[in-house]
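Scroll down for the structure; my scribbles are underneath it.
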Ligand SMILES: NC(=O)c1ccc[n+]([C@@H]2O[C@H](COP(=O)([O-])OP(=O)(O)OC[C@H]3O[C@@H](n4cnc5c(N)ncnc54)[C@H](OP(=O)(O)O)[C@@H]3O)[C@@H](O)[C@H]2O)c1
């Protein structure tokens, strides 16, 4: 009988890609969404949640809302949103999973998660990683590096001006395509629950890149020059706050930027190749596949 996988964060970047990666597999997909109407709305973002999964309403902030979605589930894909309540969100999901007799949790953590990480997100994720390691179910933790898809936040500027501004100086980052994270997650979820039990996989792209190099690859894919303009923390903070990004997130991003500028993210691993039997997607492929998003129309 097919296993039932509950997908959290179902309308977001990684889980959308995971549901795509699980398309056609011998599993029953179930999606937890805060607002069932958002499942329909996310179709525009490519998720088509309601078409590929059985949709259950539930809020990771509200433990009492969760039990129905977990009933009859074998595997939990646990993704918590960025924010100070992430460990509480994970705890609520883990408890609901235990109560429902879920067999396995596959959790999205973050690169460098540790109690002494130089960023609050890494320290919060470390709390949930520790909880998962003691959850009594089968478990696997994925710790991906900086998402190439974060570059889509710069698409408007690139389309309008051919430039983008980050407070990353000449940082090198072993950035990864989210589609690869999703394929690794799918691999783990489709393998026997014992196969990856107790493993923590740090996932990266194939090489460590500066944003000048990223700009060069975007320029090649778009057929016109793209320039990276380094800015200071204060300038970036002002821009993000001006776009309505919450202060907690702005602080978190600044902590990451400082860590990356210090060389903290300048590494790659061969874990992904070991899991998938192929090299990770590179930035040229990302740029090619997402070129329409970086063009003036933005939707072409
Ligand atoms: N960006 C990076 O470079 C990077 C790198 C490594 C790891 N990560 C980790 O990746 C995770 C974020 O993944 P993502 O980018 O795919 O997320 P995302 O696109 O921001 O989506 C977040 C998802 O969480 C859902 N959500 C928010 N609050 C919720 C709640 N209270 N209860 C239930 N669902 C809730 C959202 O649903 P709604 O539709 O209801 O809002 C949405 O589906 C974070 O844990 C982050 O630390 C990020």
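In our numbering, the protein residues as written are 481 to 780. Think of the CB as a built atom: it goes at the ideal place given N, C-alpha and C, for glycine as much as any other residue.
query: Residue closest to residue 539, alpha-carbon to alpha-carbon, out of 552, 573 and 531; result: 573
query: Helix, strand or coil at residue 773 according to DSSP, with G and I counted as helix; result: helix
query: Simplified DSSP state of residue 570, which is helix, strand or coil; result: helix
query: Residues sharing a beta bridge with residue 742, DSSP; result: According to DSSP, which records beta bridges pairwise, residue 742 is partnered with nothing at all.
query: Contained alpha helix (DSSP H) runs [length at least 4] in the segment 606-672, N- to C-terminal order; result: 635-641 and 658-670
query: Pick from 554, 562, 768 and 501 that is closest to residue 485, judged by C-alpha positions; result: 554
query: Which listed residue (513, 684, 507 and 505) has its alpha carbon closest to that of residue 490; result: 513
query: Contacting residues, own chain, Cβ-Cβ under 8 Å from residue 712 (five flanking each side not counted); result: 647
query: Residue 510, DSSP secondary structure in three states; result: strand
query: CA-to-CA distance, residue 659 to residue 527, given in whole angstroms; result: Note that residue 527 scores a pLDDT of 48, beneath 50, so its modelled location is shaky and nothing firm can be said.
query: Supposed close pair residue 682, residue 751 - CB separation, criterion 8 Å; result: 6 Å
query: Sub-7 Å separation of residue 533 and residue 510 beta-carbons; result: yes
query: Inter-residue Cα distance where the pair is residue 487 and residue 570; result: 13 Å
query: Per-residue DSSP class, three states only, for residue 539; result: coil
query: Alpha carbon of residue 581 to alpha carbon of residue 599, nearest angstrom; result: 34 Å
query: Which of helix, strand or coil DSSP assigns to residue 587; result: strand
query: Straight-line Cα distance separating residue 618 from residue 664; result: 17 Å
query: Local conformation of residue 600 per DSSP, three classes; result: helix
query: Residue 697 vs residue 656 beta-carbon contact at 7 Å; result: no
query: Closest Cα partner of residue 720 within the set 645, 758 and 694; result: 645
query: Outcome for residue 609 when other beta-carbon atoms lying within 10 angstroms are tallied against a minimum of 16; result: buried
query: Unbroken beta strand (DSSP E) run spanning residue 555, endpoints; result: 555-558
query: Three-state secondary structure assigned by DSSP to residue 780; result: Summary for residue 780: the model assigns pLDDT 40, below 50, so the residue's position carries little reliability, and this model does not support an answer.
query: Straight-line Cα distance separating residue 776 from residue 550; result: 43 Å
query: Residue 751: CB within 6 Å of a non-hydrogen atom of ligand 1; result: no
query: Burial state of residue 481 (16 or more Cβ within 10 Å); result: exposed
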